[in-house]
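Residue numbers (the numbering used here): 177 to 515.
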């Protein structure tokens, strides 16, 4: 197992909180949706590093890998889906309930990104779809179907070539996915936003951090500079981007590179930024970030549709925010941790 890093849990907080505030309509974080991209980089780093270490040590098992992934993702997802579906059938109109039923089924099958690519614009007309946010889970789960095979084949090719091909093959795959992302954002933005081929580079960028030698970051000033640049890129993305920014495209490089630099700097030792990320509030939010992400959007939809709680006032936003944290904490404590 890889070493636990509190700063990465803190980085998860940096990812999830802007997404929630963006969905609640806080205008100062008009680019809060890039938090999902930060999640992709974190996930790619942790999962890729784990698989790589297990393959090197001869302990990797595809069945064990998927068992861990299922226990990590599915229980909390199924619990949220069941509770939300009960609320939907109790308060929503029949047509809206039918649409959400389709979204729930797609989320369960890890294909909600495909469904929403064909039916809903993330920024335009997904206001009544309680499972819209699960598109990102679909991307991750589809990535995990192919990534172990990519790793295994890379190691086999390395043995045949008698040289390590994992790094160059990862760089090539990352570059191809990024180029495809940039091109399709100009012509088929919905596909580029929702689909795995144009998002793979974000996950692989996180993995690349674990493959590239980082000894040049050993001096303290270099770590601090790297972390500062990473944090600046993330902050600029959060405050300067908005729903009119062509996205993901080349714009997605800023938050993803920022997250990668923060992870890289923290790998080589403490920085001022990592100390902030390792604070207890940041780590706690990071620990519940998955459940927090799962619950916040359905609560916004249910509040609006079932209780006429809109996000037009600060008070209503704070009510939904508090409800999201309560639901997420309960889900993390009684669903995530036991599994």
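Beta carbons: idealized from backbone N, C-alpha and C, even for Gly.
- Exposure of residue 203 is indicated by the presence of fewer than 16 other C-beta atoms within 10 angstroms of its C-beta.
- Between residue 217 and residue 381, the CB-CB gap stays under 9 Å.
- Rounded to whole angstroms, the Cβ separation of residue 427 and residue 214 is 14 Å, and the two are not in contact under 8 Å.
- In this chain, the alpha helix (DSSP H) harbouring residue 357 covers 342-363.
- Cα atoms of residue 262 and residue 356: separation of roughly 40 Å, rounded to the nearest angstrom.
- A distance below 9 Å separates the beta carbons of residue 186 and residue 452.
- Distance from the CA of residue 324 to the CA of residue 388, rounded to the nearest whole angstrom, comes to 19 Å.
- Excluding five sequence positions before and after residue 280, the CB atoms of its chain that fall closer than 7 Å to its own CB belong to 257, 261 and 307, given in chain order.
- Sorting 487, 349 and 492 by C-alpha distance to the C-alpha of residue 330 places 349 at the top.
- Between the alpha carbons of residue 498 and residue 278 lies a gap of roughly 28 Å.
- By a beta-carbon distance limit of 8 Å, residue 290 contacts residue 314. Their separation comes to about 7 Å.
- Proximity to residue 230 across 221, 241 and 419 peaks at 241, based on C-alpha coordinates.
- Cα atoms of residue 467 and residue 332: separation of roughly 37 Å, rounded to the nearest angstrom.
- Setting aside the 5 residues that flank it on each side, residue 193 is surrounded in the same chain by 461, each with a C-beta closer than 7 Å to its C-beta; the list follows chain order.
- Using a C-beta cut-off of 8 Å, the stretch 389-406 makes contact with the stretch 437-452, since at least three inter-stretch Cβ pairs fall below that distance.
- CA-CA distance, residue 384 to residue 392, rounds to 16 Å.
- Your pair residue 207 and residue 415 checks out as a contact, with CB atoms roughly 6 Å apart and the cut at 8 Å.
- If you compare the alpha carbons of 491, 320, 370 and 397 with that of residue 309, the shortest gap goes to 370.
- Across the set 190, 286 and 372, the C-alpha of 286 shows the shortest separation from the C-alpha of residue 254.
- Taking 9 Å as the cut-off, the Cβ atoms of residue 476 and residue 487 count as close.
- Secondary structure of residue 391 (DSSP, three-state): helix.
- In this structure, DSSP gives residue 454 a state outside helix and strand, which the three-state scheme calls coil.
- Of the residues 179, 340 and 183, the one whose Cα lies closest to the Cα of residue 448 is 183.
- When only Cα atoms are considered, residue 419 and residue 299 end up about 6 Å apart.
- Across the structure, residue 283 and residue 509 are spaced so that their CA atoms are roughly 22 Å apart.
- Linking residue 248 to residue 431 through their CA atoms gives a straight-line distance of about 25 Å.
- Contact annotation: residue 353 and residue 304 have beta-carbon atoms that are not nearer than 9 Å.
- C-alpha of residue 400 to C-alpha of residue 437: approximately 10 Å in a straight line.
- If you ignore the 5 residues before and after residue 209, its C-beta comes within less than 6 Å of the C-beta of 198, all in its own chain and listed in chain order.
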